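Peer 1: Here the sequence shown is numbered in my numbering, starting from 25 and rising by one per residue.
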Amino acid sequence: MTDTVPQYLAGGHAAMSRDEAMSILDRLVAHLRNGTTDMAAGQMEIPISSYLDRGQWDREITEVFHRIPLPVCTSAELAGVGDFKALRVVGKEILLVRGRDGYMRAMINVCRHRSMKLVPGGCGSTRRGFVCSYHAWSYDTEGKLTGVPGEDTFGPVDRDDHSLVRLACEERAGIVYVCLTPGLAMDIDAWLGPVLPYLEALELDKCTHFTTKELAGPNWKVTLDGYLEGYHFGALHPNTVALTNHSNRMTNDRFGPHVRNVFALKTLDAMMERPREEWDPAVAMGLVYWIFPGMSIAGGWRERTVISIMLPGDSWGESMTWQTTLLRTPPQTPEEISEAEKTAEWFFAAFRDEDYTAQTDVQNGLASLADRNMIIGRNEIAVQHAHETLRRLLAGEPVHGDR
Ligand code: FES
Ligand SMILES: [Fe+2]
Numbered sequence: 025m026t027d028t029v030p031q032y033l034a035g036g037h038a039a040m041s042r043d044e045a046m047s048i049l050d051r052l053v054a055h056l057r058n059g060t061t062d063m064a065a066g067q068m069e070i071p072i073s074s075y076l077d078r079g080q081w082d083r084e085i086t087e088v089f090h091r092i093p094l095p096v097c098t099s100a101e102l103a104g105v106g107d108f109k110a111l112r113v114v115g116k117e118i119l120l121v122r123g124r125d126g127y128m129r130a131m132i133n134v135c136r137h138r139s140m141k142l143v144p145g146g147c148g149s150t151r152r153g154f155v156c157s158y159h160a161w162s163y164d165t166e167g168k169l170t171g172v173p174g175e176d177t178f179g180p181v182d183r184d185d186h187s188l189v190r191l192a193c194e195e196r197a198g199i200v201y202v203c204l205t206p207g208l209a210m211d212i213d214a215w216l217g218p219v220l221p222y223l224e225a226l227e228l229d230k231c232t233h234f235t236t237k238e239l240a241g242p243n244w245k246v247t248l249d250g251y252l253e254g255y256h257f258g259a260l261h262p263n264t265v266a267l268t269n270h271s272n273r274m275t276n277d278r279f280g281p282h283v284r285n286v287f288a289l290k291t292l293d294a295m296m297e298r299p300r301e302e303w304d305p306a307v308a309m310g311l312v313y314w315i316f317p318g319m320s321i322a323g324g325w326r327e328r329t330v331i332s333i334m335l336p337g338d339s340w341g342e343s344m345t346w347q348t349t350l351l352r353t354p355p356q357t358p359e360e361i362s363e364a365e366k367t368a369e370w371f372f373a374a375f376r377d378e379d380y381t382a383q384t385d386v387q388n389g390l391a392s393l394a395d396r397n398m399i400i401g402r403n404e405i406a407v408q409h410a411h412e413t414l415r416r417l418l419a420g421e422p423v424h425g426d427r
């Protein structure tokens, strides 16, 4: 691990040093030759009741999701001054606004008069700020209360005490992180730790936003499990993911709570028969960074990157996913737009029709096995890691450092 990640320019984009990429590729080639994959020391068993337990779900929300830095959107979605996005995140209404100073701010998207949702959901751009649709109180782009109509009849309102409630918010490497508890600070650099230089090398902050699609899904832990292993590719995705990815052949590297999974692409089969000097990691490795608890960054070495942010919804059986496609270069021609649309739709359809459909069936099956354990295989190493991270957070144990 070095402080600065050398530029690896395969495909024209920085990601990591070529030596480091090649060392991952060597591991993948060995797995293909030997029929192996990166594995945990043993299997893990999790009581199915812990998936079903509504009390535990409440603790996960209040003790983890409402306290840790949560990735909520990409910087590219809100690139310009005054750009804003209103969204409901883990039961809270939030408003993200890029201010005149270029900084992103996060606020509770609720009017300080009688708690009306201030800005309807979605994105937009404003110079002047926001006006509540109920009694027309107004706020500037930093959330400061600027207008109270009929104040001579309402009575005086302290502007500072009745500004929108701020949340800690930071941008790193093209992703916006928010802490959902007002007044709680966050140390985003410490939280991302050693994975941050790798995320910076992806240069997502220089990308162009193409599209963001929303997808409702089942329970967050059920959904999470499916993001973290390639064991299911062949069975669940025979006509999509498994056409381009080997099933059950991946490397896994850990960075505190976060992981990097690299799946062996089918292009590796022919490549590994050629001299090693001719190998190109960018076309043979399905690179996915997973930032705990809910963000997957896929395809970071390519022209198109797909970022999925999956977070719990309002209740136990709901999650919400925002799937964003970023482009290295703005599309110029109808063909380039069409190619980008195809990538975005391909990912979205695979998640909606295959992963989330299966995971909804998992959710529906849990109650019938409530007295048994879920078994997580040695090859599902990143699934194990995510559950261990969650256990540690709930127990108040450190999640960075050796383990
Ligand atoms: S609730 Fe917003 S102005 Fe009354
Ligand atoms: Fe899948």
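Glycine residues also receive a C-beta, built at the ideal position from the N, C-alpha and C atoms.
All values reported here derive from a predicted model rather than from experimental measurement.
1. Mind checking Y313: buried by the 16 CB within 10 Å criterion, or exposed?
2. From P317, T367, R402, pick the residue whose C-alpha is nearest to that of V96; which is it?
3. Taking 8 Å as the threshold, find out whether the stretch 47 to 66 comes into contact with the stretch 187 to 195 through three or more Cβ pairs.
4. Report the three-state DSSP secondary structure of D77 (helix, strand or coil).
5. Does the distance from the C-beta atom of P336 to that of W244 stay below 8 Å?
6. So, with DSSP's three-state summary, where would you put E101?
7. By the three-class DSSP mapping on this structure, what secondary structure does P336 have?
8. What residue from W340, T268, T291, T232 has the CA that sits closest to I361's CA?
9. Helix, strand or coil for M319, going by three-state DSSP, please let me know.
10. Please specify which runs of the beta strand (DSSP E), each continuous and at least 3 residues long, are wholly inside the stretch 326 to 404, giving them in chain order.
11. List the endpoints of the continuous beta strand (DSSP E) containing F279.
12. What does R196 pair with, by DSSP beta-bridge criteria?
13. Put I70 into one of helix, strand or coil per three-state DSSP.
14. Assuming L226 contacts T345 under a Cβ cut-off of 8 Å, what Cβ separation, rounded to an integer in Å, is found between them?
15. If you measure between the beta carbons of E101 and C147, is that distance less than 8 Å?
16. So, are the CB atoms of V407 and D249 less than 8 Å apart?
17. On the three-pair Cβ rule with 8 Å, is the stretch 76 to 92 touching the stretch 397 to 404?
18. Cα separation between V283 and S392?
Peer 2: Taking the definition as stated:
1. Residue environment for Y313: buried (at least 16 other C-beta atoms within 10 angstroms of its C-beta).
2. For V96, the nearest C-alpha among the options comes from P317.
3. Output reads no: the stretch 187 to 195 does not touch the stretch 47 to 66.
4. In the structure shown, D77 sits in coil (DSSP, three-state: anything other than H, G, I, E or B).
5. With respect to W244, P336 sits close: the two C-beta atoms are nearer than 8 Å.
6. Taken through DSSP and simplified to helix, strand or coil, E101 comes out as helix.
7. Strand.
8. Of the candidates W340, T268, T291, T232, the one whose C-alpha sits nearest the C-alpha of I361 is T232.
9. Per DSSP, reduced to three states, the secondary structure at M319 is strand.
10. Those beta strand (DSSP E) runs which fall completely within the stretch 326 to 404 and span 3+ residues are 328 to 336, 343 to 351, 397 to 400.
11. Taken as a continuous stretch (DSSP letters only), the beta strand (DSSP E) holding F279 covers 269 to 279.
12. Partner(s): I199.
13. For I70, the secondary structure class from DSSP, reduced to helix, strand or coil, is strand.
14. Between T345 and L226 the Cβ distance is about 20 Å, and since that is not below 8 Å, they are no contact.
15. Their beta carbons are under 8 Å apart, which means E101 touches C147 by this criterion.
16. In this structure, D249 lies closer than 8 Å to V407 by Cβ.
17. No, they do not touch.
18. Rounded to whole angstroms, the separation of the alpha carbons of S392 and V283 is 32 Å.
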